[in-house]
């Protein structure tokens, strides 16, 4: 293990593999970039690019890694005044399932902030606007192969979008079903494996923790 990975002041666990954090150290991700010896992009589209890199390790070896480059995204936990959350049932062809998900979408509008993107997606996918917005959690959906980063918000103070301002939904979104369920029931569905979408799992659990007194440090 490199000195950088070990971190200053860290010591081995007295009985088990691994290190103990140093006094006062805050646990968290940190930026790090290993040198790229060569890079090619065998596939590029408006939705994703596939990049093949030859990466140099700290020991001087080489790794070949594939990265799917994808726009960052937002997700929204939407709750009404009675403790219910809005979930969308949507067909996802890669996994051949109709998944239970949160309203969500891509940061694909130039200059748009995550908060503004979340408001746009809430109106487009759920026909709702919200007066209260709170950051809930940040996640990297599958960092072993994609650089996608997702910001999840908690939206409250809801009103329906007027009929003449509603967005026409196409393709899989035209077949979505919107359902309202108590937050506790949604969390139970996460914990027993009935909800598996990563964004929904993270967002619902974060919302549950926040609603019960948890919060960002």
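Residue numbers (my numbering): 3 to 219.
Yeah, the Cβ is synthetic: ideal placement off N, Cα and C, and Gly gets one too.
Judging by CA-CA distance, which residue of the options is the nearest neighbour of residue i?
i, options, result
"residue 99", "127, 196, 214 and 67", "196"
"residue 43", "211, 69 and 169", "69"
"residue 106", "20, 16, 80 and 28", "80"
"residue 48", "72, 35 and 30", "72"
"residue 164", "93, 113 and 131", "131"
"residue 211", "139, 67, 178 and 194", "139"
"residue 34", "60, 45 and 50", "60"
"residue 152", "200, 93 and 167", "200"
"residue 191", "135, 161, 10 and 89", "89"
"residue 145", "20, 67, 26 and 45", "67"
"residue 179", "16, 78 and 92", "92"
"residue 51", "147, 141 and 12", "147"
"residue 184", "87, 14 and 19", "87"
"residue 101", "85, 177, 120 and 65", "177"
What first and last residue would you give for the beta strand (DSSP E) that runs through residue i?
i, result
"residue 205", "Unbroken run through residue 205 is the alpha helix (DSSP H), 200-213; no beta strand (DSSP E)."
"residue 77", "75-80"
"residue 44", "38-46"
Residue i lies in the alpha helix (DSSP H); which residues open and close that run?
i, result
"residue 187", "185-193"
Run through the DSSP bridge pairs and tell me what residue i is partnered with.
i, result
"residue 67", "55"
"residue 16", "BP columns for residue 16 are empty, so no partner."
"residue 169", "Per DSSP, none; premise fails for residue 169."
"residue 21", "14"
"residue 180", "90"
"residue 72", "50"
Every unbroken beta strand (DSSP E) within the stretch 86-163, with a cutoff of 3 residues, ordered by chain:
Positions of the beta strand (DSSP E) runs, each at least 3 residues long and wholly inside the stretch 86-163, are given as 86-94, 99-103, 106-108, 130-142 and 151-162 in order along the chain.
Stretch pair the stretch 154-164 + the stretch 113-126: three plus CB contacts closer than 8 Å:
With the cut-off at 8 Å, the stretch 154-164 and the stretch 113-126 touch.
Decide if the stretch 49-64 is in contact with the stretch 21-40; the criterion is three or more beta carbon pairs, one per stretch, under 8 Å apart.
Verdict: yes, contact present.
Contact between the stretch 111-121 and the stretch 197-211 (3+ Cβ pairs under 8 Å):
Output reads no: the stretch 197-211 does not touch the stretch 111-121.
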